[in-house]
Amino acid sequence: MRVVVDAMGSDRAPEPELAGALRAVRARADLEVILVGDRVSLGAPEHPAIRVVHASQVVTMTDHPAAVFRAKPDSSLRVAMQLLACGDADALVSAGNSGAVLAAAVFVLGRAPGVDRPAIVAALPAPDGRRVVLADAGANVDPRPAMLAQFGMLGAAYARACYGVARPRVGLLSNGAEPGKGTELTRAAHTLLGQATGAFEYVGYIEGHELFTVDVVTTDGFTGNVVVKTLEGVLADYASIGGALLAGVTRPVIIAHGRSDALALANAIAMASTAAPLAL
């Protein structure tokens, strides 16, 4: 299993990526980690299962995603994505600019068949020990209704593949349960989800206090990102989770938190190795 890591992505790169890669390969004998970034900053690998691929440019958190490919063709993110695309790696991890990761994945890997827009799928730890899947957790702040409905379907596929939920219960996050609540976006998505067929059960609108009563929560990326970061502030568990899957592209991409430490990056790499065999 080969996981390529954008080693210049996190807020304190490349130290967390280096330490996280070392923890990951020590924990799993069949794992190889490819660190992509400035060779001088990364230094010599500390383990035979770690190798370094040089990239001369870095995507920052302030870079505009749409401009990255023109301005930084040799960025660690793009080089890592190309290694994944050409089959030199089985999955990718980045703790960098999530908008740029989305743009790179769509541009280099392409969308999965039938997917209008990929979504960041986060697994929220429920009080009863389950994982509740939330999509979108930050990739699309202003989606169309069809995209919002599709996020629920992507989340349901994730819940089936990763957590064995045969028929996931999907709820649409809103400010009330009544049909007239919400916005034009949520009301249109509510209609589409109510008409959809597939291996999931749409339960309708849910409010914030009902997040953990369903298997999948669908929402726009702005709201989803606020939800996830609010829970991080309360639970401080992002290190144990590792990252979130970018569902809807042709190869597995894991987006980790910019503040990730070595433990979080090691867990993101482990998540990537688990996601590699899945088709979402």
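Just so we're aligned, residue 1 is where the sequence shown starts under the working numbering, counting upward by one. Idealized CB from N, CA, C, for every residue including glycine.
Where residue i falls, given that 16 or more other Cβ within 10 Å makes a residue buried
i: serine 75; result: buried
i: aspartate 88; result: exposed
i: valine 40; result: exposed
i: glutamine 195; result: exposed
i: methionine 81; result: buried
i: alanine 91; result: buried
i: methionine 8; result: buried
i: glycine 243; result: buried
i: methionine 61; result: exposed
i: proline 168; result: buried
i: serine 273; result: buried
i: arginine 160; result: buried
i: threonine 219; result: buried
i: aspartate 215; result: buried
i: glutamate 32; result: buried
i: glycine 155; result: buried
i: glycine 180; result: exposed
Endpoints, the beta strand (DSSP E) within which residue i is located
i: arginine 131; result: 131 to 135
i: histidine 54; result: 50 to 54
i: proline 125; result: 119 to 125
i: valine 141; result: No beta strand (DSSP E) contains valine 141, which DSSP labels as neither H nor E.
N-terminal and C-terminal residue of the alpha helix (DSSP H) that residue i is part of
i: glycine 20; result: 15 to 27
i: threonine 191; result: 184 to 195
i: valine 68; result: 68 to 71
Residue i, DSSP secondary structure in three states
i: serine 10; result: coil
i: valine 79; result: helix
i: arginine 167; result: coil
i: arginine 259; result: coil
i: serine 94; result: strand
i: arginine 251; result: coil
i: threonine 213; result: helix
i: valine 59; result: coil
i: glycine 114; result: coil
i: threonine 219; result: coil
i: leucine 246; result: strand
i: glycine 37; result: strand
i: leucine 231; result: helix
i: leucine 172; result: strand
i: glycine 198; result: coil
i: glycine 43; result: coil
i: glycine 155; result: helix
Alpha carbon of residue i to alpha carbon of residue j, nearest angstrom
i: glycine 129; j: leucine 263; result: 21 Å
i: asparagine 175; j: leucine 124; result: 20 Å
i: serine 94; j: methionine 153; result: 24 Å
i: alanine 177; j: proline 113; result: 33 Å
i: leucine 109; j: alanine 85; result: 6 Å
i: lysine 229; j: methionine 147; result: 22 Å
i: glycine 37; j: valine 115; result: 31 Å
i: alanine 276; j: arginine 51; result: 19 Å
Residue i at chain D interface by Cβ criterion, 8 Å
i: arginine 39; result: No chain D is present in this structure, which holds just one protein chain.
Mind the definition here: the segment 174 to 186 touches the segment 247 to 264 only if three or more C-beta pairs lie below 8 Å; say whether that holds. no
Are there three or more Cβ pairs, one per stretch, closer than 8 Å when the segment 221 to 229 is compared with the segment 128 to 147? yes
Below 8 Å, can you find three or more Cβ-Cβ pairs linking the segment 64 to 73 to the segment 202 to 215? no
Does the segment 32 to 46 touch the segment 3 to 21, meaning 3 or more C-beta pairs lie closer than 8 Å? yes
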